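Chains as they are written, first to last, in the working numbering: chain Y, 3 to 322; chain H, 3 to 322.
There are 2 protein chains.
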Amino acid sequence: MSLKITGIGHYLPPKVETAKELSDKINKSENWIISRTGVKERRVSLIDVDLMAANAASVAIGGEGSPDLILNASGVGKQIIPDTSVFIQRELNMSGVPSFSIHATCLSFLVALKVANDFLSSGSYKRILIVSSDRGTVGRNFNEPESSSLLGDGAAAVIVENDPKDKSMLIDWRFETWPEGAEFTQVKGGGTNLHPDNPKTNSADNYFSMSGPRVYRMARKKVHSMIKDILASNNTSLDEVDMVVPHQASYFAVQAYASYGGFDESKVVNVIEEMGNCVAASLPLALAVSIEREKIKRGMKVLLVGTGAGLSNAAALIKY
Amino acid sequence: MSLKITGIGHYLPPKVETAKELSDKINKSENWIISRTGVKERRVSLIDVDLMAANAASVAIGGEGSPDLILNASGVGKQIIPDTSVFIQRELNMSGVPSFSIHATCLSFLVALKVANDFLSSGSYKRILIVSSDRGTVGRNFNEPESSSLLGDGAAAVIVENDPKDKSMLIDWRFETWPEGAEFTQVKGGGTNLHPDNPKTNSADNYFSMSGPRVYRMARKKVHSMIKDILASNNTSLDEVDMVVPHQASYFAVQAYASYGGFDESKVVNVIEEMGNCVAASLPLALAVSIEREKIKRGMKVLLVGTGAGLSNAAALIKY
């Protein structure tokens with residue numbers, strides 16, 4: 003099915019926080035941070051997720067007209083109600099365009115890509131904006147040094163269209179959820195279970211918590227099987243995949259696509275050292291940067307893949 | 003495009019709170035509550051949204067096998083991360099089934115219905131569970147008597163499948179968003195803007211706030227135009243619509259489909275007196291109850307329609 007990324011853009015906040023600057027906040031050394039998470043620096047946003055998203059989206063839209071649908075595909079919203087798509091749309095000055103949010107934590111972008119693909123196929127929409135924007139640094143718990151060393155802020159956006167004359171396409175897609183891992187990656191508060199005013203809610207419940215090793219152990223084999231399956235189903239060998247764009251969960255999770263997954267290391271996009279884990283924005287950020295740096299070119303076969311809180315795993319094989 | 007609702011179920015918590023019982027909490031009389039909002043009683047859930055959803059979903063699934071996709075289409079989640087679909091899936095014991103959430107506040111169910119329709123059309127999935135579950139009573143601000151008189155708790159679920167031999171279908175769909183109304187219906191807290199620990203966050207920011215009259219004034223004409231458009235595009239007169247299932251925003255909003263919209267009052271499903279506004283669960287609850295009470299029967303043309311925070315408006319014309 004034809005799916006062409008006709009616009010792409012990203013926004014990285016100007017403020018850089020280095021591992022050295024973070025080290026005082028979490029009582030760990032610069033070396034500890036880099037050796038544990040691989041994150042040398044991350045961006046810290048002083049503007050909220052809707053403005054970050056609009057900045058990335060404006061670049062993706064370029065001089066072309068409004069999209070006919072806006073999909074917010076982020077991890078954490080600006081507020082509980084309305085959903086963040088509305089505020090992004092307000093910044094873009096596109097009143098009347100339908101807007102909603104897809105939430106699959108770090109995999110929101112991959113899920114939105116599939117929803118957009120099927121909307122384009124059915125002819126419901128012609129030009130869809132997908133935007134992921136996360137400000138994970140707001141949710142850092144400095145008493146949990148490992149997860150707070152990982153998170154960074156950023157946003158990325160794509161415009162997707164259906165051009166049957168073009169060879170760009172979503173070749174195939176996989177998605178699965180394993181709630182045995184529901185408690186490995188959490189922000190427990192903010193909803194109906196542990197409302198901010200609930201006496202049972204602790205301050206830590208309102209911050210991000212992740213057991214990286216448990217996620218890694220649970221995900222590694224499952225993601226490997228998923229990759230083998232999507233490639234085999236589409237008669238594609240590892241070598242025929244031109245680039246792998248993983249969710250930037252951690253340095254070791256990204257590296258595992260080479261060390262364990264068998265892809266040549268030069269093909270696995272790794273931006274976590276410079277950006278950290280930007281939640282749902284990580285994957286489209288890695289994609290945007292790879293396209294801008296001309297590592298991904300038209301006609302290439304690209305595997306977008308990752309894990310998210312849930313635990314969910316997803317993969318999309320695209321021809322860019 | 004074929005879309006058949008092959009299973010439907012709902013869950014209403016056993017605990018009833020009458021207008022009289024509520025009146026003391028908000029310093030208003032029973033009469034004030036009923037004359038302003040039309041809500042004579044609502045349910046108050048002692049279990050959380052995931053369990054409520056699983057109860058409704060179990061009825062919808064019945065003796066049949068697992069769905070191959072779970073779409074959570076609720077207004078407010080159990081917690082910030084992971085998205086609530088994961089917890090619903092955990093309760094349903096369906097490990098491995100892909101699950102994610104769609105958020106368009108009170109219109110989440112109508113958006114999910116369209117996403118499911120296009121997923122079924124493309125052959126990506128065969129049997130999709132859509133479940134909406136909201137526990138609005140947790141978010142009531144008793145200092146805002148009107149909105150806290152409206153909210154109630156409930157959950158509803160459908161199974162949708164594609165049966166090309168069947169005449170059941172999603173005939174057409176409309177959706178639009180007007181962020182000029184973004185501040186008419188809000189829970190401002192819980193996200194990156196007003197994090198629970200942000201000194202700028204007031205307690206009221208963590209509760210539901212709505213200006214019903216402003217929503218009504220902005221929505222009435224727009225929804226009316228949307229209905230005229232979807233019916234005209236499908237050569238359907240008002241009289242040919244067998245039933246109208248509106249989001250149960252308020253008694254007056256529901257009544258407006260007859261008084262202003264021109265539908266015969268007997269065709270407009272009204273359950274708000276007995277359930278209140280159950281956020282995203284309201285519309286599928288009204289649908290489930292109408293089917294169970296045999297007001298909606300196979301072959302009928304049904305208009306699902308409503309407004310949501312955003313402000314968004316949506317309509318789906320289906321052949322049940």
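Virtual Cβ for every residue (Gly too), placed ideally from N, Cα, C.
All values derive from a computational prediction rather than experimental measurement.
Coil, strand or helix - H/LEU240 by DSSP: It is helical.
- prompt: Roughly how many whole angstroms lie between the Cα atoms of Y/ASN236 and Y/SER211?
  reply: Between the C-alpha atoms of Y/ASN236 and Y/SER211 there is a straight-line separation of about 37 Å.
- request: Taking all protein chains shown into account, decide if Y/ARG300 is buried (16 or more other Cβ within 10 angstroms of its Cβ) or exposed.
  value: In summary, Y/ARG300 is exposed, with fewer than 16 beta-carbon neighbours lying within 10 Å of its beta-carbon over all protein chains present.
Nearest to H/GLY141 (by Cα), restricted to the options Y/SER135, Y/VAL270, Y/HIS226 and Y/ILE82: Y/ILE82
- prompt: Does the segment 26-39 of chain H come close enough to the segment 181-195 of chain H to have 3 or more Cβ pairs within less than 8 Å?
  reply: The segment 26-39 of chain H makes no contact with the segment 181-195 of chain H: fewer than 3 CB pairs, one atom from each, lie closer than 8 Å.
message: Which residues does DSSP list as the beta-bridge partners of Y/CYS323?
response: In the structure as shown, chain Y starts at 3 and stops at 322, and residue 323 of chain Y therefore has no counterpart that could be examined.
Where H/LEU196 meets chain Y, residues with beta-carbon distance less than 7 Å: The answer, in chain order, is GLN81.
- prompt: Listed in chain order, which residues of the segment 89-104 of chain H have Cβ atoms closer than 8 Å to some Cβ of chain Y?
  reply: Taking 8 Å as the Cβ-Cβ cut-off against chain Y, the residues of the segment 89-104 of chain H that qualify are PHE89, GLN91, ARG92, SER97, GLY98, VAL99, PRO100, SER101, PHE102, SER103 and ILE104.
- prompt: So, is the C-beta of Y/PRO166 closer than 8 Å to a C-beta in chain H?
  reply: no
- prompt: If we count Cβ pairs, one from each stretch, closer than 8 Å, do we get three or more for the segment 109-128 of chain H versus the segment 296-312 of chain H?
  reply: yes
- prompt: Beta-carbon separation of Y/SER103 and Y/ASN74 under 8 Å?
  reply: Yes. Within cutoff.
- prompt: How many angstroms separate the CA atom of H/LEU131 from the CA atom of Y/HIS249?
  reply: Going from the Cα of H/LEU131 to the Cα of Y/HIS249 covers about 27 Å.
task: Answer yes or no: does any C-beta atom of chain C fall closer than 8 Å to that of Y/ASP174?
output: Included in the structure are the protein chains Y and H, with no chain C among them.
- request: Using a Cβ-Cβ cut-off of less than 7 Å, list which residues of the segment 119-148 of chain Y approach chain H; keep chain order.
  value: ASP120, PHE121, SER123, SER124, SER126, ARG137 and VAL140
message: Less than 8 Å between CB atoms is the rule here; does H/GLN188 satisfy it with respect to chain Y?
response: Taking Cβ atoms only, chain Y reaches closer than 8 Å to H/GLN188, which makes this a yes.
Residue-chain proximity (H/THR309, chain Y), Cβ-Cβ < 8 Å: no
message: Taking the beta carbon of Y/LYS80 as the centre, do at least 16 other beta carbons fall within 10 Å, making it buried, or is it exposed?
response: buried
3 or more residues per run - each beta strand (DSSP E) lying fully within the segment 48-103 of chain Y: 71-74
message: Using only the alpha-carbon positions, how far apart do Y/GLY67 and H/ASN145 sit?
response: 44 Å
task: Please name the residue or residues paired with Y/GLN188 in a DSSP beta bridge.
output: Y/SER211
- request: Specify whether the segment 151-171 of chain Y and the segment 149-165 of chain H touch according to this definition: at least 3 beta carbon pairs, one from each stretch, less than 8 Å apart.
  value: no
message: Judging by CA-CA distance, which residue of Y/TYR253, Y/ILE274 and Y/MET245 is the nearest neighbour of Y/PHE265?
response: Y/MET245
- prompt: Looking at C-beta atoms only, is the number of pairs between the segment 189-199 of chain Y and the segment 196-209 of chain H that lie closer than 8 Å three or more?
  reply: yes
message: Which residues in chain H have a C-beta closer than 8 Å to the C-beta of Y/GLU178? List them in chain order.
response: GLY98, VAL99 and PRO100
query: Is it the case that the Cβ atoms of Y/GLU294 and Y/GLU43 are separated by a distance below 8 Å?
result: no
message: Closest to Y/PRO15 by C-alpha separation, out of Y/ILE7, Y/THR139, Y/TYR218 and Y/SER227, would be which residue?
response: Y/THR139
query: Name the DSSP bridge partner or partners of H/PRO248?
result: H/VAL307
message: Contact criterion: CB-CB distance below 8 Å. Does Y/THR20 meet it with respect to chain H?
response: no
query: Per DSSP, H/PHE177 forms a beta bridge with which residues?
result: H/ALA316
- request: May I have a chain-ordered list of the beta strand (DSSP E) segments no shorter than 3 residues that lie completely inside the segment 93-168 of chain H?
  value: 101-105, 129-137 and 155-163
- request: Indicate whether at least one CB of chain Y lies closer than 8 Å to the CB of H/PRO181.
  value: yes
field: Assigned secondary structure, Y/LYS299 (DSSP; H/G/I helix, E/B strand, else coil)
entry: coil
- request: List the residues of chain H whose Cβ lies closer than 7 Å to the Cβ of Y/VAL113, in chain order.
  value: PHE102
query: Roughly how many angstroms separate the alpha carbons of Y/VAL247 and Y/SER261, rounded to a whole number?
result: Roughly 15 Å between the two C-alpha positions.
field: Local conformation of H/TYR322 per DSSP, three classes
entry: coil
task: Report the option in Y/GLY263, Y/SER268, Y/GLU267 and Y/LEU287 whose CA atom is closest to the CA atom of Y/ILE274.
output: Y/LEU287
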